[in-house]
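Quick note on numbering: the sequence shown equals residues 4 to 84 in the working numbering.
For reference, the structure is listed below as structure tokens.
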Amino acid sequence: MITIKELFNKIRWDPYEIPTDYNFVFHYYDRVKDRLIELPYLNILRLEGTFFILNDVDETMIPSHRVKKVTKMGEIIWERN
Numbered sequence: 004m005i006t007i008k009e010l011f012n013k014i015r016w017d018p019y020e021i022p023t024d025y026n027f028v029f030h031y032y033d034r035v036k037d038r039l040i041e042l043p044y045l046n047i048l049r050l051e052g053t054f055f056i057l058n059d060v061d062e063t064m065i066p067s068h069r070v071k072k073v074t075k076m077g078e079i080i081w082e083r084n
């Protein structure tokens with residue numbers, strides 16, 4: 004299985020992958036809400052070290068180890084145990 008960083012870079016740079024509004028969705032575990040949160044790929048500004056930096060006013064940082072699965076058009080393409 005590829006790492007979450009490799010998958011993110013594949014989505015970003017592979018000319019055959021065309022990310023749109025809800026084409027790719029990252030699902031990460033929020034400890035405060037105690038549930039998975041859906042994060043559309045286009046809401047991710049960049050990957051910096053081991054953190055996903057979100058495209059919001061505060062540039063929120065999500066640790067990459069909290070990403071539990073990634074879906075493409077509703078189908079799971081990557082999942083962490």
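Don't be surprised by glycine CBs; every beta carbon is placed ideally from N, CA and C.
Helix, strand or coil at residue i according to DSSP, with G and I counted as helix
i	result
residue 44	helix
residue 34	coil
residue 83	coil
Residue i burial status per 10 Å Cβ neighbour count (16 or more: buried)
i	result
residue 47	buried
residue 60	exposed
Span of the alpha helix (DSSP H) around residue i
i	result
residue 8	7-16
Residue i: first and last residue of the uninterrupted beta strand (DSSP E) it sits in
i	result
residue 20	That residue, residue 20, is in no beta strand (DSSP E); it is neither H nor E in DSSP.
residue 73	70-75
residue 64	64-66
Stretch pair the segment 33-40 + the segment 16-23: three plus CB contacts closer than 8 angstroms: As far as the Cβ criterion goes, the segment 33-40 does not touch the segment 16-23, which means the pair count is below three.
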